[in-house]
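Following: one structure in structure tokens, then a few remarks.
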Amino acid sequence: MNSDSLEIQPTDRPLIEKGKGLWNADLLIFSSLDSTNRWGIENFDSCQHGAVIWAMEQTAGYGRYKRRWVTHEKKGLTFSIVLKQMPEIPVTMMVGLAVQSALSEFALNALLKWPNDVMLNGKKIAGILAETPAGKKGATVGIGLNVNTSSDELNSIKLLQPATSMLIESQKTYDLCVVLGVLLQKINNVWEEIKNPESLVLQWQKYDFLADKNIVIRTETEKISGTYRGIDTTGKLILEENGGQICYLYSGDVAIVELSEGEKNIKP
Ligand code: BTN
32 MNSDSLEIQP TDRPLIEKGK GLWNADLLIF SSLDSTNRWG IENFDSCQHG
82 AVIWAMEQTA GYGRYKRRWV THEKKGLTFS IVLKQMPEIP VTMMVGLAVQ
132 SALSEFALNA LLKWPNDVML NGKKIAGILA ETPAGKKGAT VGIGLNVNTS
182 SDELNSIKLL QPATSMLIES QKTYDLCVVL GVLLQKINNV WEEIKNPESL
232 VLQWQKYDFL ADKNIVIRTE TEKISGTYRG IDTTGKLILE ENGGQICYLY
282 SGDVAIVELS EGEKNIKP
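Letter by letter, the sequence shown follows residues 32 to 299 in the numbering used here.
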């Protein structure tokens with residue numbers, strides 16, 4: 032996108048700064064937006080491939096199934112990337128690997144929980160949401176990362192699963208611009224390096240939070256239990272059901288089930 036072609040849709044939220052984001056496209060910084068994903072979808076046509084939309088505050092951020100994504104102002108990173116060309120691999124997983132790699136630069140060893148969560152010490156630190164604007168090719172991929180959020184701030188939010196932040200895990204505060212810079216660099220690297228689905232699966236296996244765990248998956252229509260057997264090359268979860276049958280799931284909420292010693296022994 033060049034500055035002449037940028038058409039900012041009517042909003043009462045000012046654009047505060049403009050720089051360069053991914054692949055030399057625009058980095059648009061807003062003091063406040065309802066949702067960077069919503070903005071990216073609404074302004075999809077006027078954005079170039081790789082435009083980055085960053086909001087210091089989101090008033091109506093959301094995640095999967097339109098669940099609220101709450102970030103205290105300037106405590107976390109909330110941004111979206113507009114992609115006009117899509118990678119050959121599932122984009123949320125590609126971005127998950129990039130977030131994992133970015134966190135490792137800050138000595139934080141995160142794991143990836145299918146389909147779109149980044150976990151640290153068993154708690155969620157980041158979520159990724161890819162949405163395709165109706166009738167268009169491409170996606171707006173949103174990333175929410177808890178950076179300088181305190182335990183009290185996280186405790187004030189009703190959460191589906193325990194959450195954490197970079198601050199809580201390291202007792203350090205971080206410059207949001209620095210963290211964003213590392214994230215964008217890593218997204219670029221993963222985009223360049225992981226070109227085929229087989230490499231995605233291999234990389235995912237290295238950081239798989241669910242590896243060999245007994246799990247329950249709730250989909251919109253059912254609840255299925257079994258043993259997690261990884262992901263396939265299209266990003267589907269492979270589940271070995273308790274009867275031994277293998278099934279492939281493309282969406283759902285996963286919870287780990289801790290089996291007692293007795294229960295482990297009667298598993299087929
Ligand atoms: C999830 O965990 O379900 C995904 C959360 C995604 C949150 C990010 S924050 C930036 C972008 N804007 C949104 O409204 N959502 C995504």
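We put the beta carbon where it would ideally sit given N, CA and C, even for glycine.
Could you check where the alpha helix (DSSP H) with residue i kicks off and where it finishes?
i: T67; result: 67-73
i: A141; result: No alpha helix (DSSP H) contains A141, which DSSP labels as neither H nor E.
i: K237; result: 228-237
i: D183; result: 182-186
Could you check whether the Cβ of residue i sits closer than 7 Å to any heavy atom belonging to the ligand BTN?
i: G173; result: yes
i: L160; result: yes
i: W100; result: yes
i: Q89; result: yes
i: F110; result: yes
i: T67; result: yes
i: G92; result: yes
i: R95; result: yes
i: N179; result: no
i: N147; result: yes
Looking at the unbroken beta strand (DSSP E) that takes in residue i, where does it start and where does it end?
i: G212; result: Careful: G212 lies outside any beta strand (DSSP E), inside the alpha helix (DSSP H) at 207-224.
i: M150; result: 148-151
i: I159; result: 154-162
i: L46; result: 46-51
i: D284; result: 284-287
i: I277; result: 277-280
What residues match up with residue i in a beta bridge as DSSP calls it?
i: K203; result: In DSSP, K203 forms no bridge with anything.
i: T109; result: G175
i: G257; result: I246, E272
i: F61; result: L46, A86
i: A56; result: Answer is none; A56 lacks a bridge partner.
i: A194; result: K155
i: Y93; result: R99
i: A133; result: Answer is none; A133 lacks a bridge partner.
i: L241; result: According to DSSP, L241 bridges with nothing at all.
i: L9; result: This structure gives no information on residue 9, because the portion of the chain shown stretches from 32 to 299.
i: V165; result: Sequence check: residue 165 is Ala here, not Val. Bridge partners of A165: none, in fact.
i: I262; result: L268
Hey, how far is the Cα of residue i from the Cα of residue j?
i: K203; j: Q236; result: 29 Å
i: P146; j: A161; result: 11 Å
i: G127; j: T180; result: 20 Å
i: L214; j: L185; result: 22 Å
i: S132; j: A56; result: 22 Å
i: N296; j: K144; result: Residue confidence for N296 is low, a pLDDT of 49 falling below 50, so the modelled location carries little weight; the figure read from the coordinates is stated next. Their Cα atoms are separated by approximately 26 Å.
i: K244; j: R260; result: 8 Å
i: E86; j: M197; result: The sequence shown places Ala at residue 86, rather than the Glu named in the question. Approximately 19 Å between the Cα atoms of the pair.
i: E119; j: V221; result: 12 Å
i: A242; j: I159; result: 20 Å
i: I287; j: N219; result: 32 Å
i: K106; j: G175; result: 11 Å
i: K51; j: E200; result: 30 Å
i: N78; j: K217; result: Note on residue identity: the sequence assigns Cys, not Asn, to residue 78. For C78 and K217, the distance between alpha carbons rounds to 21 Å.
i: H103; j: F110; result: 14 Å
i: P299; j: E88; result: Model confidence at P299 stands at a pLDDT of 37, short of 50, so the residue's coordinates are unreliable; what they give is reported in the following sentence. Taking the straight line from one Cα to the other gives about 50 Å.
i: T163; j: M117; result: 11 Å
i: T258; j: L233; result: 19 Å
i: D239; j: E289; result: 17 Å
i: I112; j: G81; result: 6 Å
i: G166; j: G71; result: 15 Å
i: W100; j: A91; result: 7 Å
i: N177; j: I277; result: 35 Å
Exercise. Count the CB pairs spanning the region 247-256 and the region 271-290 that are closer than 8 Å, and state whether there are at least three.
Key: yes
Quiz prompt | Inter-stretch contact at 8 Å, needing at least 3 Cβ pairs: the region 220-229 / the region 61-70 | solution = no
Practice problem: Spell out a yes or no on whether the region 200-213 and the region 124-137 are touching, meaning 3 or more CB-CB pairs, one atom from each, closer than 8 Å. | Solution: yes
Quiz item: Are at least three pairs of beta-carbons, each pair with one atom in the region 148-162 and one in the region 189-203, less than 8 Å apart?
Solution: yes
Quiz item: Can at least three beta-carbon pairs, one atom from the region 166-184 and one from the region 258-276, be found at a separation below 8 Å?
Solution: no
Practice problem: Would you be able to state if there are at least three C-beta pairs under 8 Å between the region 110-126 and the region 91-101? | Solution: no
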